[in-house]
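Colleague: Protein chains in written order, with our numbering: chain A, 7 to 257; chain B, 7 to 257; chain C, -15 to 271; chain D, 333 to 624; chain E, 29 to 318.
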Amino acid sequence: MSKFSISNLDLYYDNGAFHALKNINLELQEKEITAFIGPSGCGKSTLLKSLNRMNDLVEGCKITGKVLLDGEDIYGNMNINLLRKRVGMVFQKPNPFPMSIYDNIAYGPRTHGIRSKVKLDDIVERSLRNAAIWDEVKDRLKLSALGMSGGQQQRLCIARALAVEPEVLLMDEPTSALDPISTSKIEELAVELKKNYTIIMVTHNMQQAARISDKTAFFLLGEVVEYGETEQIFSMPKNKKTEDYITGRFG
Amino acid sequence: MSKFSISNLDLYYDNGAFHALKNINLELQEKEITAFIGPSGCGKSTLLKSLNRMNDLVEGCKITGKVLLDGEDIYGNMNINLLRKRVGMVFQKPNPFPMSIYDNIAYGPRTHGIRSKVKLDDIVERSLRNAAIWDEVKDRLKLSALGMSGGQQQRLCIARALAVEPEVLLMDEPTSALDPISTSKIEELAVELKKNYTIIMVTHNMQQAARISDKTAFFLLGEVVEYGETEQIFSMPKNKKTEDYITGRFG
Amino acid sequence: ACGSNGESTSDAGSDSGSDKEASAEAPTGEISVISREDGSGTRGAFIELFGIEEKDDSGEKIDNTTEDAQVTNNTSVMMTSVAGDPQAIGYISLGSLDKSVKALKVDGAEATAENVKNDTYKISRPFNIATTDKVSEAAQDFIDYILSAEGQKIVEDNGYIAAAADAAAYAGSKPSGKIVVAGSSSVTPVMEKLKEGYEAVNPDAEIEIQQSDSTTGMESAISGVCDIGMASRELKDSETEAGLKGQEIALDGIAVIVNNENAMTDITSDQVKEIYTGEVTDWEDLQ
Amino acid sequence: MDEAIQPINVQSAKQKIKSYSHNPGSLILAGLVGLAALLTVLTLVFIVGYILIKGIPNLTPELFQLEYNSENVSMFPAIINTICMTVLSLLIAGPLGILAAVYLVEYAKKGNKLVSLVRVTAETLTGIPSIVYGLFGMLFFVTTLHWGYSMLAGAFTLAIMVLPVIMRTTEEALLSVPDTFREASFGLGAGRLRTIFVVILPSAVPGIFSGVILSIGRIVGETAALMYTAGTVAELPKSVMSSTRTLSVHMYSLASEGLYVDQAYATAVVLLLIVLIINWISGRIARKIKKG
Amino acid sequence: MKDIKETVMKYVFLLCACASILAVVLICLFLFANGVPAIGKIGIFDFLLGEKWKPGNDIYGILPFILGSIYVTAGAIVIGVPVGILTAIFMARFCPPKLYRFMKPAVDLLAGIPSVVYGFFGLVVLVPFVRDFFGRTLGFGGSGASMFTASVMLGIMILPTIISVGESSIRAVPNSYYEGALALGATHERSVFFTVVPAAKSGIMAGIILGVGRAIGETMAVIMIAGNQPRMPKGLFKGVRTLTSNIVIEMGYATDLHRDALIATAVVLFVFILLINLLFSLVKRRGTNG
Ligand SMILES: Nc1ncnc2c1ncn2[C@@H]1O[C@H](COP(=O)(O)OP(=O)(O)OP(=O)(O)O)[C@@H](O)[C@H]1O
Ligand SMILES: Nc1ncnc2c1ncn2[C@@H]1O[C@H](COP(=O)(O)OP(=O)(O)OP(=O)(O)O)[C@@H](O)[C@H]1O
Ligand SMILES: [Mg+2]
Ligand SMILES: [Mg+2]
């Protein structure tokens, strides 16, 4: 079943001066991992942010078209905060809050009304374990999250996103700052999570896309050039440009 | 010939409370690419920063041991600004100045006394071309660098480092925010540059290390576990931990 | 004060001159007593002349002004406060009086310069200037001018009372030079007029007036920052000991003022004393 | 073409209000914030309205004659003096405060005793009443240094007064400049000086200017400290050593004996206008510097 | 060569940093030289704890003014700080750009209005209002010139300081915090209040300290509307005299011991402010360590 159904989506920055996404039509499947690939500046992050309406924050950003989540128009009457609870996000640059590690993770649950210390403790531990960082931080949960290394920070952010138990997880190059061991843990985790969640991930790492995603969308200059089964895209792309790009990796 | 000769280097953060680098001994070869690999938090960035004394800025950071650049002690009487001119750096997170693209690139040369507009124009163009970003930005050199995408920003930072024509280029995961096309361009560039320059690069990308580096050093918990020819490290590592790590990548 | 009076009330006053009495009511309620600050020349003269200051057994003077009296150090704040509060009473320099407030007759005598001069209205304070022994020629000439017939006429024209009743005409040497005059803000307005008068007869003189307060004026004169100090009080012993010589240049009457809505027109000095010592706190209790 | 775009990502007011029904707490917060802003604006409207109503009818051409005398009580010399005094004070306090803040942020080590001392003294300066500044200035600049009542004495006194304001706001502005800028600059071999003047200070300009504007407010509005240092002569300044009166002092003098209250209100109107103009100009300068 | 420039400039910076110390030392010297002997003559306990102030009879007790300053400043904080911080938040994170173009200069203007103008405004608008509404209608009594009026006035006067310093520090918080919170489903308000504002804590605190400094040191407006009775504070709607008012009101005519007692009042004020600041920095150090 398709979780997100995007039709005729156009996105403009600077009040229409820059056409960043051009007539996007995509069906993103539930309980699968979809990878967005493409060269820098092609609009991957932009499309990702349209899925939880983070682009609303950008002044002069205009969107036309339709985005349905479980058949419901997210640009319609849906409560924007509940949308973002359902559609979590991990950013390209790690952005932990300037609070303790514990409070970082507990921020989301608290936002959504969980006050019980026992429950919060449980959520914090579970989320950190899921993000493969529990062992490193369990002794310093009360220390500031800003003192961690880049990789640790990013995993913290993933844990923070998991803590609100979203249905969909948007990830914008979540592993670009991680070492291979954490990366593979996150990848394992993603594969594990897709049993229950829908994951959409921007990545520059071809192998990563090939390794873990079910579907892949290839973007170029704001357009979806090719979208389909990952295996098929990587083994026999229909479009010449896709082929160039994928093989260019090793060229 | 060895460009950097590091002996008995120990580094402590927080006034000795945290022992981040333990008895490092390395000879980094001139006109080669040396890759630092290892899990997150193992001290790769820390060692890199010790090579151009960026750790001097960290309060409570203490260093013992010796680092020689062309036989000269960089912690001795060397002028720290000249050291940093000779040993350029590209950071993990792109950090362009809040100025125009042109001024970002021209900042370094201007710092070192170049005022002539013609010369500066030339340096700017050359550096941007080398960093594979000229075509994207040539029409908006006067616009703010902050309006660029993450990948573009990082390439700008590489261009900025190249503009001062350093002897050594330290790169801390320079391509972690880049798409494959730019990545391979940068990699090509690195290979090109090593004809004249010495390059030391931290990377999480095993293939990248394998693909372009001549020597590889594997770090674990602040120690150099293994250091040697890249080929040898990746094909038949001497140390069990190295092997685990490298193969863990695909495990 | 404040323009509330300056603008709106003075208008009201002019077009309702006749029904002023009609709109005025016999005051009721708590009296808002407003006084000047301790040490000020106005307050000194006021408490002395109304007997609010009394000697105790050991012969020391005690200022019995009620503690509940509001205190201000500023004439226009005093006027604005009285103009805005129907239950207020205060006192100000005669030279500053305008239509925004009403001056009461004290023991039947109206507060006018005329009455002060002929001694029927007793409440007044001196305006002093002070110099050290080393007076410059220019400064001395200016002082001569102030005390001359011309100078004293300017004093009278501005609502103050001349200090020297029949002074001789000015016959100075009109030297050139710069004269700095500093001190009391109460004396400043009349000093500005004197300056303009003097500069008209002696264009070579350059006079600078620094408005601050009496004590600062005296100190500036002692330290040589100014040539002539102005004070709206008598000189203190410590100041004369430091070498200052005082000279009275004018007298300033002090008017007891109430709100325009207050129907009272007359007050006795005993009543003033009762109000200011806090024996009477309600307008209705005033006999 | 541009107008043809009918964006779907614009929330209607109705949707926004509806979304609050899920988050009553947020609605309360939004309400509080709005209320506070409304209060602030109302206060301003009240005060400015009051000044305008009292002052504008009294604005007469005589008030702007070149020469002051007790008939026309012209405020023209005071206007010029105010501007000179503001510029002079800022010329002293600005560099001093900004450079001091640079030292505190860029040079001093954490936990440095001197830094805490500077901070405590600076904060103490903010609490000293202006009359004490006035008396101090009179005793030190006017008498001890023999500057007499002069613009210079006034400017130095005011400079000490606004120094902590400029220092503190600059410090905050410098602290908020990301460390990555510093790293990048040092990494290119730039020294501290170049890093500070080319990269850090320009990024901190908006913050610094908010401090400068606050200072201008204090300088323009000050009376007590100036009466005892710069004096009250209502003439155009001949040099920095001549005694001057600023608009505020002028207004205070006019009002204090209750003789020229209407003119005092007219002066207040002009004072407001000047503050507005100075703020506007400094805002533009800030934007210029930031653009580079 | 370059190094020399760097070193020289470093010391120039250091010198500038010491300017405020120098200023405080000079002011200190001046205050203490004049004030401390007076305190000695009056007796430190009689001076600090005396409930009577009668300069005419050489009785100098400033306890009423110490209390007055504390009450009025506390009142100003209660009124000004919440409104100021909330307005700062509004300006930084809630204000539509069109409104902002009006609000920003408006707040700057508020900072530029001289105290004297505030004072007259208070005298003509606030005092009668307090007298008629609180005093007569609600029956609290008093002539309107009171502790309450002064607190309101000072609350208004510290607004622009708190607002502009607070606003610029809120703006300086990286947007990634805000975005991160929104992406977790937090509302705009929650993101701002629980992520952005805490990150701007130090700047907001600086604004408050500057504001409180202004409240303690403000005189011209306060003396016009506070009543200034030299006696123990009697209630919210009764007049009160603060330390600073006491100095300004009587300095003009004071001589000899009276004058020195006023300067001694300034010494007390000075020490008072110093203590507050030391306390603040102590609390702050605790905060960062804990
Ligand atoms: N806020 C914005 N305002 C204007 N243009 C923008 C904005 N954000 C992005 N763009 C432009 O839109 C285009 C797409 O940007 P986007 O960030 O989606 O690229 P991306 O595919 O994620 O690239 P990268 O791999 O470098 O992150 C780029 O050309 C970028 O310059
Ligand atoms: N300024 C600092 N103060 C204290 N500890 C620090 C500081 N910088 C780094 N560390 C600690 O030193 C260790 C090494 O950090 P470093 O940044 O060198 O790791 P890294 O190998 O580059 O990791 P990553 O791959 O995540 O970037 C980490 O445990 C980190 O928490
Ligand atoms: Mg992106
Ligand atoms: Mg690192």
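Quick reminder that beta carbons are idealized off the backbone N, C-alpha and C, glycines included.
What residues in the segment 181 to 205 of chain C have a beta carbon less than 8 Å from any beta carbon of chain D?
Modeller: Listed by position, the residues of the segment 181 to 205 of chain C near chain D (Cβ gap below 8 Å) are E192, I193, Q194, Q195, S196 and T200.
Colleague: Quick one: is I460 (chain D) buried, meaning 16 or more other Cβ sit within 10 Å of its Cβ, or exposed?
Modeller: Under this definition I460 (chain D) is a buried residue.
Colleague: Using the three-state DSSP reduction, which class does S160 (chain C) fall into: helix, strand or coil?
Modeller: Residue state, collapsed to three classes: coil.
Colleague: When you compare the CB of G366 (chain D) with every CB in chain B, is at least one pair closer than 8 Å?
Modeller: Taking Cβ atoms only, chain B never reaches closer than 8 Å to G366 (chain D), which makes this a no.
Colleague: Helix, strand or coil for T459 (chain D)? Go by DSSP, reduced to three states.
Modeller: Looking at the sequence shown, residue 459 (chain D) is not Thr but Gly. In the structure shown, G459 (chain D) sits in a helix (DSSP, three-state: H, G or I).
Colleague: Using C-beta distances below 6 Å, list every residue in its chain close to E223 (chain C), excluding the 5 sequence neighbours before and after it, in chain order.
Modeller: Counting only Cβ-Cβ distances below 6 Å, and skipping sequence neighbours, we find M202.
Colleague: Rounded to a whole number of angstroms, what is the C-alpha to C-alpha distance between R90 (chain A) and I340 (chain D)?
Modeller: So the two alpha carbons sit approximately 17 Å from each other.
Colleague: Please list, following the chain, all residues that have a C-beta closer than 5 Å to any non-hydrogen atom of ligand 2.
Modeller: Cβ-based neighbours of ligand 2 within the cut-off: A:S155, A:G156, A:G157, B:Y19, B:A26, B:S46, B:G47, B:C48, B:G49, B:K50, B:S51, B:T52 and B:V64.
Colleague: Taking the alpha carbon of S60 (chain C) as the point to measure from, which residue in E:V145, E:G103 and E:F130 has its own alpha carbon closest?
Modeller: Nearest C-alpha to S60 (chain C): E:V145.
Colleague: Roughly how far, in whole angstroms, is the beta-carbon of F468 (chain D) from the beta-carbon of F58 (chain E), given that I think they are within contact range, below 8 Å?
Modeller: Right, their Cβ atoms sit about 5 Å apart.
Colleague: From the DSSP secondary-structure annotation, give me the bridge partner or partners of V165 (chain C).
Modeller: According to DSSP, V165 (chain C) bridges with C:I193 and C:I212.
Colleague: The alpha helix (DSSP H) spanning L138 (chain E) covers which residue range?
Modeller: Element bounds for L138 (chain E): P125 to G140.
Colleague: I'd like the list of long-range same chain contacts for I113 (chain E), defined as Cβ closer than 7 Å, with 5 residues on each side in sequence excluded.
Modeller: I190, G194 and I232, listed in sequence order.
Colleague: Tell me which same chain residues have a C-beta within less than 6 Å of the C-beta of F488 (chain D), skipping the five on either side of it?
Modeller: Cβ neighbours of F488 (chain D) beyond the five flanking positions: F473.
Colleague: For ligand 1, I want to know if F24 (chain A) counts as a neighbour, meaning its beta carbon is within less than 7 Å of at least one of the ligand's heavy atoms.
Modeller: Checking every heavy atom of ligand 1 against the Cβ of F24 (chain A), one is found closer than 7 Å.
Colleague: So with CB distances below 8 Å, who are the chain C contacts of I284 (chain E)?
Modeller: Correcting the residue identity first, residue 284 (chain E) is Asp in this sequence and not Ile. Going along chain C in sequence order, the residues near D284 (chain E) (Cβ under 8 Å) are K220 and S222.
Colleague: For ligand 1, I want to know if Q214 (chain A) counts as a neighbour, meaning its beta carbon is within less than 7 Å of at least one of the ligand's heavy atoms.
Modeller: No, the beta carbon of Q214 (chain A) sits no closer than 7 Å to any heavy atom of ligand 1.
Colleague: Which runs of the beta strand (DSSP E) spanning at least 3 residues fall entirely within the segment 202 to 244 of chain A, listed in chain order?
Modeller: 204 to 208, 221 to 226 and 229 to 235, all fully within the segment 202 to 244 of chain A.
Colleague: According to DSSP, V81 (chain E) sits in a beta bridge with which residue or residues?
Modeller: A quick correction: the sequence has Trp, not Val, at residue 81 (chain E). Paired residue(s): E:Y88.
Colleague: Interface residues of chain B around R451 (chain D) at Cβ under 8 Å?
Modeller: Per Cβ cutoff of 8 Å: no residues; R451 (chain D) is ~18 Å from chain B at best.
Colleague: Would Y465 (chain D) pass as an interface residue toward chain C - the criterion being a Cβ-Cβ separation below 8 Å?
Modeller: No - not a single Cβ of chain C is within 8 Å of the one on Y465 (chain D).
Colleague: Using only CA atoms, which one of B:F10, B:V124, B:Y19 and B:W140 lies nearest to D79 (chain B)?
Modeller: Comparing Cα positions, the closest option is B:F10.
Colleague: Going by DSSP, which residues form a beta bridge with K39 (chain C)?
Modeller: In the DSSP output, where bridge partners are listed per residue, K39 (chain C) has C:K45.
Colleague: Under 7 Å Cβ-Cβ, which residues of chain B neighbour F541 (chain D)?
Modeller: By Cβ distance, chain B contributes nothing, its closest Cβ being about 16 Å from F541 (chain D), past 7 Å.
Colleague: Could you tell me which chain C residues have their CB closer than 8 Å to the CB of I251 (chain E), listed as they occur along the chain?
Modeller: Residues of chain C passing the Cβ test: T56, N57, N58 and V61.
Colleague: As a quick exercise: from D:K348, D:L591 and D:K620, pick the residue whose alpha carbon is nearest that of A362 (chain D).
Modeller: Ranking D:K348, D:L591 and D:K620 by Cα distance to A362 (chain D) puts D:K348 first.
Colleague: Only counting the same chain, and skipping five residues up and downstream in sequence, which positions put a Cβ closer than 6 Å to that of R550 (chain D)?
Modeller: So the list reads V494, once near-sequence residues are dropped.
Colleague: Quick check on I120 (chain A): does DSSP put it in helix, strand or coil?
Modeller: I120 (chain A) falls in the coil class under three-state DSSP.
Colleague: If the cut is a Cβ gap below 8 Å, which residues of chain A does S204 (chain E) touch?
Modeller: The contacting residues are F97, K99 and N101.
Colleague: Using 8 Å as the threshold, is the C-beta distance between G172 (chain E) and A104 (chain E) below it?
Modeller: Contact flag unset, no.
Colleague: Considering only heavy atoms of ligand 1, does any lie closer than 7 Å to the CB of Q35 (chain B)?
Modeller: Result no, Cβ not under 7 Å from ligand 1.
Colleague: Considering only DSSP beta bridges, list what G74 (chain C) is partnered with.
Modeller: Paired residues: C:I241.
Colleague: Given a cut-off of 8 Å, decide if T223 (chain E) and A234 (chain E) are closer than it, judged by their beta-carbon atoms.
Modeller: Result no, Cβ atoms of A234 (chain E) and T223 (chain E) do not sit closer than 8 Å.
Colleague: If the cut is a Cβ gap below 7 Å, which residues of chain D does R145 (chain E) touch?
Modeller: One detail in the question is off: residue 145 (chain E) reads as Val in this sequence, not Arg. Simply I383 and A600.
Colleague: Please confirm if K91 (chain B) has its CB atom under 8 Å from at least one CB of chain G.
Modeller: The structure shown has no chain G; the protein chains it does contain are A, B, C, D and E.
Colleague: Which value, in whole angstroms, describes the spacing of the CA atoms of Y382 (chain D) and P156 (chain E)?
Modeller: Spanning the two alpha carbons is a distance of roughly 15 Å.
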